[in-house]
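Enquirer: I have a structure here, written as structure tokens, and I will follow up with some questions on it.
Quick look at the structure:
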């Protein structure tokens, strides 16, 4: 950054809101300025992750100089402005906008997935909207549950545009768009095809950003209840890393609180026969992936850079939009799939349970995991489907609430010792850069025979969209990139393509990609209200958990080593390949 | 044509003028004329002139002269004689014109109408005495109906591209801006923003390149002056665009024209090609260092794409929806570069201001509204058409003089100006002089210059319903107040019009109007309640008498 730009950045704008002086850097909105002095102007369409579009009109404030109203979300503060955030007319206008939105919104709050967690509902409550003054004009539009991951309910859509912005600009997927105009304007896949036929990668960021119940996860709690009460079924669960630091939010706990002990205990009380931890699967993923990396990097067997594949949305995105990169993809399955395969082979054998009777429920921060469990035949490597159902954090939180469990106060439980123990390397998977950091720790161990003295690789942490760094691996430079949020993928891959085309030096040897901004802590299935602050706090919960682990490097996981010794042989063995690896193929972005 | 220099241009003009001593039989062949049947008239005239072997008689097409209700128009201009205009000409009358006027020298009185010279003062004409002064002053429409729009030579013969030559060979960018400032020209597309400021701001914006866009996405119901100008005198708009490009430092200009204007598109494209071939467009314009080129982009017919930011989105290939301003297009416009968007009529004024000076232009008009405005006068008016009126003219004069009063002979009730963003002005207020400020004060606006005349049988509620319905259809759907407010207001208005509304419904209409005006994102939504509110302002009894309970 040049000094001139720094100078420009320092230019401050001063104005007055409700008689209180405010100051923000030039370009800052009235809304931002107001928040610095604890004036919380109500908003609806504006999301902190996204640029303001000005779609709803709730956030209007008055410019006292000319009496005109301005949208505080998208109007930059100007020097000398004298603004008023409320008067009788402003309140009337905001209420009228809510009246209008309600007139085109079904009156179904009690049966809506977002009941008590809906931004429109909250605003209507705050503004004391007591009657429907306008004729109800909700169109008769069908739900789209074609993906079995995400459900679109266009009747509940208020056209705020967040999902479209997320899908097109944050995620670069371009599945969602607006169709038609005027009163017929609606959010839908371009061309009015089903979501399953669209380029959607099921990341669920649209659902995480939707202010209402127009986009929600595909709910599968009923089938889990059935299985739990079926005496013929042996129910097992596994908990993904990022879930434990987010689920507390659904129970009023401080953001980032690690609730894993409560989850283990609650799942047992619900009737699960065994409770595993996906962190254990993550340690396996690291064993396999770092072996894959070291093989490609030191022995030159296979293409570099190696690209991580834990994220099913990323895999789907790559198969649809970047399939020329397939040779670079790690063949490792994601942690919950590895654990599923081991549960229905090694564990079943050990416990003498018929694998066909085992019902594996994986609890994930993710909507795309619902897709991944049926992605291809490799996901049934145990002989039956390795993971039977995948629930999001939001779904399991509801199940806990349905279970008469005092979740916050229940004494901490333990995971099963087989397939339950984990290292710090496993738990940091849930934050962007975590897979990379864990793999690097293990690669050091593989190359040098010793775990790294300082296990922290700070350069791959944090919320910068693309993180690049160079690591010394036993005297050899390893160039690394970590990208999260799919919009950042192309820039990284294009550098690789350019180097391959020109025959120049590779920009990277190892790349981690997570589809969701912040990685799994910001996953599409996590509790609502995601912001960067929240992503950071959840990630901090994981890094805290990492430092509290006795072992920080996956190879140190004694149970992992035991499974290799007793069952798999060694990383990348034939058996490991059969159970823990997969393959990829080019897909059409549009399925029709 | 070889590439011209400023000197060549003047020489060519003089040469073309000298060659004009012929008898011209001109047929108005714009969309309006063609629709009214000008093609068979033109054909008849051509055939008869050929058959009679009339020496020195040239039959040619010209653009729209603005006298729409009297199309097809035929003008006979014999050297040394005043021009004679004929209206509502059919092939039989065309034959009479040949027989009587061209062969016998006796004009055909049965279809004779006032000539353009009798109707309007033209730039360079001696100022007539105030008693006999025609109502119109034609600056923008100086060539409309007088030249063949497909002929660049005819434009050049009437001082075409002289302003461009003057600018590129001796005026700085600031000189041009200062001339515009003196002229007091304001945007003719609706908002009336001072044109010099737009040019100055865009010129001052930093960027590696700048763009200029001519907004030809005319869409107000009943307004068609931009089409009229583009079809009748495309080079005048192009010249304004090139000068604008010079001033703001653009290399590229765009004509954004709605696809429903195929003839306008055809003529402007032809004009661009001709100008390029003559070195008036493209690299090193008129032999100077200045290079600038332009292209035509078609609008798909959404009214909202006339709004600057939606227009830019549309040019970029995105969904045509507005975004909030600032940043203004002058700061961040097409492809995020500083962009100046001017309306067709605005640009058509530029060359005359440069040639004759800002002070000359500022002599026409009143108060802060300088120059002229082209109105499209339609509805229940005897002579519908385009009328270029000096600012400050009384509204009544427009309707009663050149408009000829109501077409039904019934008393005048009101006029509607400003299109869907404007409002009703009752007969009692028609002595108001036309200015941006006056119209706004009356609860209407200048808009693009649509003027719909209503007689006493017309219903204010119906008119309000029509305009609101237009805005509801044309809402882009992006912002809630416009998307939903318009629809709900229309539902209530329909209820009232059908005699089923209550007092509470009328109050709800007013409440929705307040919310739409204050909380809609763009001008379309903010102004959509205007026709309803102005109908209520002047004719509330027509609403209340239909209420029940």
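Chains as they are written, first to last, in my numbering: chain A, 1 to 592; chain B, 1001 to 1549. Even glycine gets a Cβ: it sits at the ideal position worked out from N, Cα and C.
1) What in chain B is Cβ-close to residue 159 of chain A, meaning under 8 angstroms?
2) Check for me: the beta strand (DSSP E) holding residue 1065 of chain B runs from which residue to which?
3) What does the Cβ neighbour count give for residue 107 of chain A, buried or exposed, with the cut at 16 atoms within 10 Å?
4) Identify every residue that forms a DSSP beta bridge with residue 170 of chain A.
5) Less than 8 angstroms between the beta carbons of residue 1409 of chain B and residue 1381 of chain B, yes or no?
6) In angstroms with no decimal places, state the Cα-to-Cα distance between residue 284 of chain A and residue 576 of chain A.
7) Using a Cβ-Cβ distance cut-off of 8 angstroms, determine whether residue 1441 of chain B contacts chain A.
8) Counting contacts by CB-CB distance shorter than 8 angstroms, is residue 74 of chain A in contact with chain B?
9) For residue 238 of chain A, write down the residues that DSSP places opposite it in a beta bridge.
10) Output yes if chain A places a C-beta closer than 8 angstroms to the C-beta of residue 1260 of chain B; else output no.
11) List, in chain order, every chain B residue whose beta-carbon is nearer than 7 angstroms to that of residue 490 of chain A.
12) Go ahead and label residue 1449 of chain B buried or exposed: buried means 16 or more other beta carbons lie within 10 angstroms of its beta carbon, across all protein chains shown.
13) Exposed or buried, what is residue 1106 of chain B when buried is set at 16 or more other beta-carbons lying within 10 Å of its beta-carbon?
14) Give the secondary structure of residue 1550 of chain B by DSSP, where H, G and I count as helix, E and B as strand, and everything else as coil.
15) Taking Cβ-Cβ distances below 8 angstroms as the criterion, which residues of the segment 132-143 of chain A are in contact with chain B?
16) Taking C-beta pairs closer than 9 angstroms, name the residues in chain A that residue 1376 of chain B reaches, listed in chain order.
17) With a threshold of 8 angstroms between beta-carbons, can residue 183 of chain A be considered close to chain B, or not?
18) As a quick exercise: from A:587, A:305, A:408 and A:90, pick the residue whose alpha carbon is nearest that of residue 261 of chain A.
19) By the three-class DSSP mapping on this structure, what secondary structure does residue 1483 of chain B have?
20) Helix, strand or coil: how does DSSP classify residue 339 of chain A here?
21) Go to residue 391 of chain A, then tell me how far its beta strand (DSSP E) extends in each direction, as first and last residue.
22) Express the C-alpha separation of residue 1068 of chain B and residue 26 of chain A in angstroms, rounding to a whole number.
23) From residue 168 of chain A to residue 318 of chain A, what does the alpha carbon distance come to, in whole angstroms?
24) Determine, for residue 43 of chain A, whether the minimum Cβ-Cβ distance to residues of chain B falls below 8 angstroms.
25) Got a sec: does the ligand ZN put a non-hydrogen atom nearer than 7 angstroms to the Cβ of residue 92 of chain A?
26) Assuming residue 185 of chain A and residue 159 of chain A make a contact with CB atoms under 8 angstroms, what is their CB distance in whole Å?
27) Please name the residues in the segment 1447-1481 of chain B whose beta-carbon is closer than 8 angstroms to at least one beta-carbon of chain A, in chain order.
28) Tell me, please, whether the CB atom of residue 1330 of chain B is closer than 8 angstroms to any CB atom in chain A?
29) For a minimum of 4 consecutive residues, which ranges assigned as the alpha helix (DSSP H) are wholly contained in the segment 86-116 of chain A?
30) I want to verify the contact list: residues of chain A whose CB lies under 8 angstroms from the CB of residue 1521 of chain B, in sequence order.
31) Counting only beta-carbon separations shorter than 8 angstroms, does residue 96 of chain A have a partner in chain B?
32) If I'm right that residue 1512 of chain B touches residue 96 of chain A with Cβ under 8 angstroms, what's the distance once you round it to whole angstroms?
33) Does the CB of residue 1500 of chain B have a neighbour CB from chain A at under 8 angstroms?
34) Keeping to the same chain, check which residues put their C-beta closer than 7 angstroms to that of residue 585 of chain A; ignore five residues upstream and five downstream.
35) Less than 8 angstroms separating the beta-carbons of residue 448 of chain A and residue 359 of chain A?
36) Can you give me the C-alpha to C-alpha distance between residue 1475 of chain B and residue 536 of chain A, rounded to a whole angstrom?
Expert: The answer reads as follows:
1) Those are 1477, 1478, 1480 and 1483, listed as they occur along chain B.
2) Neither: residue 1065 of chain B is in no beta strand (DSSP E) and is coded neither H nor E.
3) The residue is exposed, with fewer than 16 neighbouring Cβ atoms inside 10 Å.
4) Beta-bridge pairing links residue 170 of chain A to no other residue.
5) With respect to residue 1381 of chain B, residue 1409 of chain B sits apart: the two C-beta atoms are not nearer than 8 angstroms.
6) Looking at the two C-alpha atoms, the distance is approximately 10 angstroms.
7) Closer than 8 angstroms: no.
8) For residue 74 of chain A, the answer is yes, since a Cβ of chain B falls inside 8 angstroms of its Cβ.
9) In the DSSP secondary-structure assignment, residue 238 of chain A is bridged to A:276 and A:362.
10) At a cut-off of 8 angstroms between C-beta atoms, residue 1260 of chain B does not count as an interface residue with respect to chain A.
11) Within chain B, not a single residue places a beta-carbon under 7 angstroms from that of residue 490 of chain A; the smallest gap is close to 19 angstroms.
12) The residue is buried, with at least 16 neighbouring Cβ atoms inside 10 Å.
13) Label assigned to residue 1106 of chain B: exposed.
14) The structure shown does not extend to residue 1550 of chain B, since chain B is modelled only from 1001 to 1549, so the question has no answer here.
15) The segment 132-143 of chain A vs chain B, Cβ under 8 angstroms: 133, 134, 135 and 137.
16) Those within 9 angstroms of residue 1376 of chain B in chain A number zero; the least Cβ separation is about 25 angstroms.
17) Yes, residue 183 of chain A counts as interfacial toward chain B.
18) With distances taken between Cα atoms, residue 261 of chain A lies closest to A:408.
19) Of the three classes helix, strand and coil, the one that applies to residue 1483 of chain B here is helix, per DSSP.
20) The three-state reading of DSSP puts residue 339 of chain A in helix, counting H, G and I together.
21) Bounds of the beta strand (DSSP E) holding residue 391 of chain A are 389-392.
22) Each residue's Cα considered, the two are about 53 angstroms apart.
23) When rounded, the distance between both Cα atoms is 16 angstroms.
24) Chain B, which has no Cβ nearer than 8 angstroms to the Cβ of residue 43 of chain A, makes this no.
25) Annotation note on the ligand ZN: not contained in the displayed structure, which lists no ligands.
26) Confirmed, about 6 angstroms.
27) So the list reads 1472, 1473, 1474, 1475, 1476, 1477, 1478, 1479, 1480 and 1481, given in the order they occur along the chain.
28) Among the residues facing chain A, residue 1330 of chain B is not included, as its CB has no counterpart in that chain under 8 angstroms away.
29) Whole alpha helix (DSSP H) segments, 4+ residues: 88-103.
30) Neighbours of residue 1521 of chain B on chain A, chain order: 54, 55, 57 and 71.
31) Closer than 8 angstroms: yes.
32) Correct: roughly 7 angstroms between the Cβ atoms.
33) Output row for residue 1500 of chain B: interface = no.
34) Sequence-distant partners of residue 585 of chain A (beyond 5 residues in either direction) whose C-beta falls short of 7 angstroms from its own C-beta, in its chain, are 319.
35) Residue 448 of chain A is not a Cβ neighbour of residue 359 of chain A, given a cutoff of 8 angstroms.
36) In a straight line, the C-alpha of residue 1475 of chain B is about 40 angstroms away from that of residue 536 of chain A.
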